[in-house]
Amino acid sequence: MSAIEHCRTAALGGHVEVCEDCGHGRVAYNSCRNRHCPKCQGTAARKWLEDREADLLPVGYFHVVFTLPDEVADIAFHNKATVYDLLFRAASETMLTIAADPKHLGARIGITTVLHTWGSALTHHPHVHMIVPGGGIAPDGRWVSSRPAFLLPVRVLGALFRRLFLMRLIALYDDGRLSFFGPMAHLAEKRAFLRHLAPVRKKRWVVYAKPPFGGPEAVLAYLARYTHRVAISNRRLIEFDENDVTFRYKDYRRDGADQLRVMTLSADEFIRRFLLHVLPRGFHRIRHYGLLAASCRKASLERIRTLLAVAPPTVADIAEAPVDAVPPCPCCGGRMVIVEVFERGHQPRAPPVGALPNRENPP
1 MSAIEHCRTA ALGGHVEVCE DCGHGRVAYN SCRNRHCPKC QGTAARKWLE DREADLLPVG
61 YFHVVFTLPD EVADIAFHNK ATVYDLLFRA ASETMLTIAA DPKHLGARIG ITTVLHTWGS
121 ALTHHPHVHM IVPGGGIAPD GRWVSSRPAF LLPVRVLGAL FRRLFLMRLI ALYDDGRLSF
181 FGPMAHLAEK RAFLRHLAPV RKKRWVVYAK PPFGGPEAVL AYLARYTHRV AISNRRLIEF
241 DENDVTFRYK DYRRDGADQL RVMTLSADEF IRRFLLHVLP RGFHRIRHYG LLAASCRKAS
301 LERIRTLLAV APPTVADIAE APVDAVPPCP CCGGRMVIVE VFERGHQPRA PPVGALPNRE
361 NPP
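The sequence shown maps to residues 1 to 363 in the UniProt record's numbering.
Written out as structure tokens, the structure is:
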């Protein structure tokens with residue numbers, strides 16, 4: 001939270017830029033580069049998307065979502081690293097197991113998985129989004145394509161996901177790797193823990209398979225929105241009056257246009273909800289499995305392209321702008337040159353004449 005508070009302020013230092021053509025100047029403060037900061041993920045997202053663009057295949061892509069029921073989400077709240085990791089492993093193993101079954105696809109597939117821990121109103125709602133190419137490699141080495149609008153049966157996926165997750169969650173409990181606090185403290189007793197899980201053994205666990213994406217461009221557009229975003233984007237914020245924060249959200253219990261709602265929270269409650277979604281240090285929220293696992297991704301993609309008789313992507317002739325390129329002059333579009341660098345907690349010695357605060361980096 002401290003990093004986000006100080007992002008793009010004098011507390012982190014910065015530099016002064018002056019236009020070579022018109023002399024316009026501006027002060028730009030440094031960003032915090034924290035992965036949870038809503039304003040500091042643009043560069044990381046662009047770099048990640050460039051890498052994923054090279055991995056895209058000329059096949060349909062499916063979007064699958066695995067969601068934890070509320071009773072398990074309550075346990076995850078106090079055991080984020082352990083239970084979120086289990087969510088990744090159980091969901092990916094479910095997909096790989098059912099896809100490999102000859103009664104279904106009968107092939108090994110590739111999966112890109114992204115963890116989200118929030119609902120639209122910033123509540124705690126852990127789930128994983130999967131991007132899955134529509135096909136895989138069969139045991140005999142053939143490429144097997146899925147049906148155009150169907151990948152795997154969601155009821156079968158949900159049943160296996162429930163069994164795998166609960167079996168391993170109980171194993172984590174038996175190994176002493178789960179902790180309970182506050183109103184959940186009574187779950188430290190084994191019988192209370194099992195009673196808490198009893199309802200979810202009979203409940204249908206939600207696995208949602210969305211219609212296939214409309215081509216590789218749509219896959220990238222989705223990834224651009226969801227991979228490096230945390231909880232809420234600035235464009236959903238409507239108003240802040242020093243006491244309350246007003247923002248837009250979707251109420252998925254309603255239909256159509258009625259889903260779009262407006263909520264006002266006290267500043268303290270808004271910050272509390274945002275901080276629910278800060279991940280444990282070092283925890284990876286984007287993971288790859290099967291044919292797209294890091295250990296075999298390059299070889300798998302080459303093999304698939306050979307099976308599909310398609311050429312690998314070529315490197316774009318257009319040179320990319322440097323990651324830290326200085327934006328052009330807002331007045332004339334000229335080249336901005338850095339004329340002074342100042343340290344953390346300091347202001348520039350003499351702001352340039354006519355300098356305006358950087359709209360993207362307000363003081």
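We treat Cβ as the ideally placed atom computed from N, Cα and C, and that holds for glycine.
Rounded C-alpha distance that separates Gly136 from Tyr208: If you number the sequence shown from 1, residue 136 lands on position 136. If you number the sequence shown from 1, residue 208 lands on position 208. Gly136 and Tyr208: Cα-Cα distance of roughly 20 angstroms.
Let's test the definition: count the other Cβ atoms within 10 Å of the Cβ of Pro148 and tell me whether it reaches 16, buried, or not, exposed. Here residue 148 refers to the residue found at position 148 of the sequence shown. Under this definition Pro148 is an exposed residue.
Comparing alpha-carbon positions, which option in Leu220, Glu189, Ser233 and Arg162 lies nearest Arg204? For the purposes of this step, residue 204 is identified with residue 204 of the sequence shown, where counting begins at 1. The option with the nearest alpha carbon to Arg204 is Arg162.
Are the CB atoms of Ile75 and Met95 nearer to each other than 7 angstroms? The count along the sequence shown starts at 1 and reaches residue 75 at position 75. The count along the sequence shown starts at 1 and reaches residue 95 at position 95. The answer is no: Cβ separation not under 7 angstroms.
Contact between the segment 94–108 and the segment 221–239 is defined here as three or more beta-carbon pairs at a separation below 8 angstroms; is this criterion met? no
Taking its Cβ as the centre, do 16 or more other Cβ atoms sit within 10 Å of Gly14, making it buried, or is it exposed? Residue 14 sits at position 14 when you count from the first residue of the sequence shown. Buried, by the Cβ-count rule.
Leaving out the 5 sequence neighbours to the left and right, which residues in its chain are closer than 6 angstroms to Ala54 when beta-carbon positions are compared? Stepping through the sequence shown from its first residue, residue 54 is reached at position 54. Closer than 6 angstroms at the Cβ level, and outside the excluded window around Ala54, lie Pro313.
Grab me the residues of Gln41's own chain with a C-beta within less than 8 angstroms of its C-beta, minus the 5 sequence neighbours each way, in chain order. Here residue 41 refers to the residue found at position 41 of the sequence shown. Excluding sequence neighbours, Gln41 sits near Arg35, His228, Arg229 and Val230.
Quick check: the Cα distance between Ile131 and Ala11, rounded to an integer number of angstroms? In the sequence shown, residue 131 corresponds to position 131, counting from 1. In the sequence shown, residue 11 corresponds to position 11, counting from 1. Near 40 angstroms, if we compare the C-alpha coordinates of Ala11 and Ile131.
Environment of Met336 [buried if 16+ CB atoms lie within 10 Å]: Here the question's residue 336 lines up with position 336 in the sequence shown. When all chains shown are included, Met336 counts as buried.
Report the residue from Val245, Gly141, Phe283 and Arg261 whose alpha carbon sits nearest the alpha carbon of residue 364. The chain is shown only over 1 to 363; residue 364 falls outside these bounds and no answer can be derived.
If you draw a straight line from the C-alpha of Asp255 to the C-alpha of Ala73, how long is it? Mapped onto the sequence shown, residue 255 falls at position 255. Mapped onto the sequence shown, residue 73 falls at position 73. Rounded to the nearest angstrom, the two C-alpha atoms are 25 angstroms apart.
Are the Cβ atoms of Pro328 and Val27 separated by less than 7 angstroms? Taking the first residue of the sequence shown as 1, we reach residue 328 at position 328. Taking the first residue of the sequence shown as 1, we reach residue 27 at position 27. Not a contact, by the Cβ cut-off of 7 angstroms.
By the three-class DSSP mapping on this structure, what secondary structure does Trp205 have? The residue given as residue 205 occupies position 205 in the sequence shown. The answer is coil: DSSP assigns Trp205 none of H, G, I, E or B.
By alpha-carbon positions, which one of Gly119, Pro58, Ala3 and Cys19 ends up nearest to Leu301? Numbered from 1 along the sequence shown, position 301 holds the residue referred to as residue 301. Nearest option by C-alpha distance: Pro58.
Burial state of Gly345, where buried means 16 or more other Cβ atoms lie within 10 Å: Position 345 of the sequence shown, counted from the first residue, corresponds to residue 345. The residue is exposed, with fewer than 16 neighbouring Cβ atoms inside 10 Å.
Please report the straight-line C-alpha distance between Cys155 and Ala171, rounded to a whole angstrom. For the purposes of this step, residue 155 is identified with residue 155 of the sequence shown, where counting begins at 1. For the purposes of this step, residue 171 is identified with residue 171 of the sequence shown, where counting begins at 1. With the sequence shown as reference, residue 155 is identified as Arg, and Cys is not the correct amino acid for it. The alpha-carbon atoms of Arg155 and Ala171 are separated by roughly 25 angstroms.
Would you decide whether Pro322 is buried or exposed? Buried here means 16 or more other CB atoms lie within 10 Å of its CB. Working through the sequence shown from its first residue, we reach residue 322 at position 322. Only weak support exists for where Pro322 lies, its pLDDT of 46 falling under 50; the value from the coordinates is given anyway. Flag for Pro322 reads exposed.
Proximity to Arg52 [Cα-Cα], best of Ala294, Cys331, Val310 and Ile338: If you number the sequence shown from 1, residue 52 lands on position 52. Closest by alpha carbon: Ala294.
Tell me which residues share the same chain as Ala3 and place their Cβ nearer than 6 angstroms to its Cβ, disregarding the 5 neighbours each side in the sequence. Locating residue 3 in the sequence shown gives position 3, counting from the first residue. The residues are Cys32 and Asn34.
Can you list, in chain order, the stretches of the alpha helix (DSSP H) that have 4 or more residues and sit fully within the UniProt domain "Transposase zinc-binding" (1–68)? 2–6 and 42–53
How many angstroms separate the CA atom of Val65 from the CA atom of Ser146? By 1-based counting over the sequence shown, the position of residue 65 is 65. By 1-based counting over the sequence shown, the position of residue 146 is 146. Their Cα atoms are separated by approximately 18 angstroms.
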